[in-house]
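Residue numbers (the numbering used here), protein chains in the order written: chain F, 402 to 627; chain U, 31 to 291.
Each residue gets a CB set at the ideal place from its N, CA and C atoms; glycine is no exception.
Report on one structure; see the data block that follows.
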Amino acid sequence: MSLIELSDVKFSYPDGTPALGGISVSFDLGKCYCLQGPNGCGKSTLFRILNGLSFPDSGTYRFDGTEITAGYLKNKNNAHAFHRQIGFIFQNSEVQLFTSSVEDEIAFGLYQMGLSDGVVSERVEKYITLLNLQDFRNRAPWVLSGGEKKRCALAAVLAMEPRVLILDEPIAMLDDEGQEWITRFLEGLKSPDRLIIIATHNHAFADRIGDVRISMTKDHVISGNG
Amino acid sequence: MNLQLMKILSRLLETEAGRDEDRKLPVLPWVRILLAVLTIFLCALSRNAVFTYGVLAVELLHLSLLTTGQVGRVMKRLALPVLFTALITLPAVFLGSPATCLTVTLKVTESVLVLLLMNEDLSWKEITGAFGALHFPDLFVLVLDQTVRFLVLLGRYSDEILEAVTLRMVGGLQERISKEDEGRRLSHHARQHNFGGILGTTFLRARRMSAASYEAMECRGFDGTYRTYRKRTFHWYDGAYLGIGAVLIILFAFCERAMGK
Ligand SMILES: Nc1ncnc2c1ncn2[C@@H]1O[C@H](COP(=O)(O)OP(=O)(O)O)[C@@H](O)[C@H]1O
Ligand SMILES: [Mg+2]
Chain F
402 MSLIELSDVK
412 FSYPDGTPAL
422 GGISVSFDLG
432 KCYCLQGPNG
442 CGKSTLFRIL
452 NGLSFPDSGT
462 YRFDGTEITA
472 GYLKNKNNAH
482 AFHRQIGFIF
492 QNSEVQLFTS
502 SVEDEIAFGL
512 YQMGLSDGVV
522 SERVEKYITL
532 LNLQDFRNRA
542 PWVLSGGEKK
552 RCALAAVLAM
562 EPRVLILDEP
572 IAMLDDEGQE
582 WITRFLEGLK
592 SPDRLIIIAT
602 HNHAFADRIG
612 DVRISMTKDH
622 VISGNG
Chain U
31 MNLQLMKILS
41 RLLETEAGRD
51 EDRKLPVLPW
61 VRILLAVLTI
71 FLCALSRNAV
81 FTYGVLAVEL
91 LHLSLLTTGQ
101 VGRVMKRLAL
111 PVLFTALITL
121 PAVFLGSPAT
131 CLTVTLKVTE
141 SVLVLLLMNE
151 DLSWKEITGA
161 FGALHFPDLF
171 VLVLDQTVRF
181 LVLLGRYSDE
191 ILEAVTLRMV
201 GGLQERISKE
211 DEGRRLSHHA
221 RQHNFGGILG
231 TTFLRARRMS
241 AASYEAMECR
251 GFDGTYRTYR
261 KRTFHWYDGA
271 YLGIGAVLII
281 LFAFCERAMG
291 K
């Protein structure tokens with residue numbers, strides 16, 4: 402059984418815009434998937450569903466065997482258990498970073514997990530070092546550059562040590578140096594007990610990092626696994 | 031008008047980016063804020079010049095420890111409120127109580143100076159954080175933080191949109207040269223229209239942003255509690271700083287009793 406299983410998931414936005422037209426796909430632990438497709442084909446929408454921010458109009462989404470529905474996530478304990486396993490890097494880091502310092506940003510999720518102060522500060526230090534954020538630790542995330550913001554978002558999400566990491570166009574807004582840094586970093590993150598799903602336009606990037614490539618078409622469906 | 035205000039606010043809040051971390055007083059933010067509030071409070075209550083001058087002396091001493099750049103910035107910000115107060119209280123001189131004018135101006139100067147000196151050391155986030163340390167509800171701190179963040183981001187956005195609009199209006203300039211009269215009227219109308227549009231767009235953006243931020247929090251398991259990451263705990267120099275507060279109160283009481291009235 403795959404960690405994530407979608408079967409015939411359909412979704413339209415409240416204003417009637419169709420975004421997913423029957424998606425069936427599964428994602429296995431230990432692999433890195435690259436999701437490709439033209440603008441507006443529904444990649445971000447699919448990620449919203451995977452993260453439990455939206456729910457299928459029809460079809461099912463199973464995470465580790467459990468069907469994820471609005472009702473299931475209403476329960477606080479279920480929501481906690483679910484969210485700590487999936488880390489999501491938004492396309493726009495600006496909206497994702499909401500605290501007033503890089504340290505706070507990393508600590509936020511850890512406090513939500515109910516970790517003790519000692520563990521929290523240990524993890525904060527670890528991920529500040531890992532993502533090379535030492536110079537900005539007391540800065541507000543919104544004064545950072547695009548690449549620094551991405552790194553801060555990665556630190557904040559990875560500190561929770563999720564099994565699944567989902568990234569929406571992680572290198573789209575970065576300069577060459579930033580792209581190279583993130584690519585290297587993501588390569589280093591690949592491991593048998595982690596699942597990585599990345600939406601990207603960049604073919605070279607997908608070639609380099611993806612184990613499996615999935616293409617979506619502008620009709621909001623998957624056109625065949627690679 | 032609103033746009034202008036937003037810009038000024040966001041500038042003010044963004045200045046912290048250039049702060050010099052090493053020169054900061056190593057005192058806990060909430061201790062500093064407490065002392066600042068105490069100083070302003072006592073200054074306002076004091077009916078006696080010795081105390082007022084004493085406080086001023088200490089403040090000037092503090093000021094002299096800052097860098098030239100900082101002193102310049104503090105002075106520039108101090109000038110307006112002081113001048114303003116002096117002007118307002120000026121009639122008192124002609125009404126026969128020149129001392130009132132001097133005292134009030136002096137007290138205002140001191141209060142503003144306390145705040146400006148504090149602002150040189152503390153960023154807004156340390157100030158909002160201090161509310162947390164003083165056991166205000168964490169959610170209150172979160173709301174404060176979010177408000178500041180939104181002011182800055184929206185200020186920045188409206189700047190960007192304004193720029194984009196201005197650029198587009200430059201394109202309209204050539205047209206204006208050819209059809210002088212009509213063009214001028216048109217661009218004036220367009221400008222008015224655009225300013226309304228900018229506020230509207232900014233508002234929509236704010237809504238979308240706050241929804242997305244909330245989702246980001248949800249993704250990291252947000253359940254209504256918020257804690258700020260504090261690694262510094264109470265230190266002896268925080269105690270020493272609080273001691274200054276105690277001295278201030280004693281001095282105040284002494285001045286009031288010995289020389290007041
Ligand atoms: N909040 C929304 N409301 C209405 N329609 C939306 C919303 N977000 C996205 N869409 C529409 O849904 C479709 C899929 O969008 P999206 O998932 O963002 O695509 P992608 O990430 O692949 O570019 C597009 O047609 C888009 O216009
Ligand atoms: Mg997208």
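Backbone CA spacing between residue i and residue j [nearest angstrom]
{"i": "M617/F", "j": "C435/F", "result": "11 Å"}
{"i": "K137/U", "j": "R103/U", "result": "20 Å"}
{"i": "L146/U", "j": "L108/U", "result": "8 Å"}
{"i": "D175/U", "j": "Q535/F", "result": "22 Å"}
{"i": "A66/U", "j": "R237/U", "result": "36 Å"}
{"i": "F71/U", "j": "A283/U", "result": "13 Å"}
{"i": "G275/U", "j": "A74/U", "result": "15 Å"}
{"i": "A573/F", "j": "A605/F", "result": "12 Å"}
{"i": "L516/F", "j": "D577/F", "result": "37 Å"}
{"i": "P563/F", "j": "E245/U", "result": "17 Å"}
{"i": "A541/F", "j": "V173/U", "result": "15 Å"}
{"i": "N440/F", "j": "K591/F", "result": "27 Å"}
{"i": "I567/F", "j": "Q492/F", "result": "10 Å"}
{"i": "L596/F", "j": "H92/U", "result": "56 Å"}
{"i": "G254/U", "j": "Y83/U", "result": "48 Å"}
{"i": "C433/F", "j": "S624/F", "result": "18 Å"}
{"i": "D458/F", "j": "K106/U", "result": "60 Å"}
Reduced DSSP secondary structure (H/G/I, E/B, other) of residue i
{"i": "L272/U", "result": "helix"}
{"i": "E468/F", "result": "strand"}
{"i": "S616/F", "result": "strand"}
{"i": "Q437/F", "result": "strand"}
{"i": "E570/F", "result": "coil"}
{"i": "A47/U", "result": "Confidence is the limiting factor: at A47/U the pLDDT is only 42, short of 50, which leaves the residue's position unreliable, though a coordinate-based value still follows. Correct three-state label for A47/U: helix."}
{"i": "K475/F", "result": "helix"}
{"i": "E588/F", "result": "helix"}
{"i": "G423/F", "result": "strand"}
{"i": "A74/U", "result": "helix"}
{"i": "T530/F", "result": "helix"}
{"i": "G460/F", "result": "strand"}
{"i": "A600/F", "result": "strand"}
{"i": "S522/F", "result": "helix"}
{"i": "G488/F", "result": "strand"}
{"i": "V565/F", "result": "strand"}
{"i": "S188/U", "result": "helix"}
Beta carbon proximity, residue i to chain F, threshold 8 Å
{"i": "F252/U", "result": "yes"}
{"i": "M334/U", "result": "Because chain U here runs from 31 to 291, residue 334/U falls outside it and cannot be looked at."}
{"i": "A242/U", "result": "yes"}
{"i": "M105/U", "result": "no"}
{"i": "T158/U", "result": "yes"}
{"i": "Y271/U", "result": "no"}
{"i": "Y259/U", "result": "yes"}
Cutoff 8 Å: residue i Cβ touching any chain U Cβ
{"i": "H484/F", "result": "yes"}
{"i": "G510/F", "result": "yes"}
{"i": "L454/F", "result": "yes"}
{"i": "E495/F", "result": "yes"}
{"i": "F448/F", "result": "no"}
{"i": "F491/F", "result": "yes"}
Local Cβ density within 10 Å of residue i, reported as buried at 16 or more and exposed below that
{"i": "E468/F", "result": "exposed"}
{"i": "L203/U", "result": "Bear in mind that the predicted position of L203/U carries a pLDDT of just 49, short of 50, making it unreliable; the figure below should be weighed with that in mind. L203/U should be labelled exposed."}
{"i": "G510/F", "result": "buried"}
{"i": "L184/U", "result": "buried"}
{"i": "T250/U", "result": "According to the sequence as given, residue 250/U is Arg; it is not Thr. R250/U should be labelled buried."}
{"i": "G99/U", "result": "exposed"}
{"i": "K550/F", "result": "buried"}
{"i": "F264/U", "result": "exposed"}
{"i": "N478/F", "result": "exposed"}
{"i": "W266/U", "result": "exposed"}
{"i": "I207/U", "result": "For I207/U, the predicted structure reports a pLDDT of 48, less than 50, and the residue's modelled location is therefore unreliable. The matter cannot be settled from this model."}
{"i": "A508/F", "result": "buried"}
{"i": "D608/F", "result": "exposed"}
{"i": "I279/U", "result": "exposed"}
Listed by chain order, chain A residues near residue i by CB distance under 9 Å
{"i": "M148/U", "result": "Absence of chain A from the displayed structure is noted, the protein chains being F and U."}
Closer than 8 Å, Cβ to any Cβ of chain F: which residues of the region 161-189 of chain U, in chain order? D175, Q176, V178, R179, V182, L183
Listed from N- to C-terminal order along the chain, which residues in the region 499-533 of chain F have their beta-carbon within a distance smaller than 8 Å of any beta-carbon of chain U? F499, T500, S501, S502, E504, D505, I507, A508, F509, G510, Y512, Q513, M514, V521, S522, V525
Scan the region 63-94 of chain U for residues whose Cβ lies nearer than 9 Å to a Cβ of chain F and list them as they occur along the chain. none
Which residues, taken in chain order from the region 575-598 of chain F, show a beta carbon closer than 8 Å to some beta carbon of chain U? none
Contacting positions in the region 546-563 of chain F - beta carbon closer than 8 Å to chain U: A557, V558, M561
At a Cβ cut of 8 Å, what residues of the region 466-480 of chain F count as close to chain U, listed as they run along the chain? K477, A480
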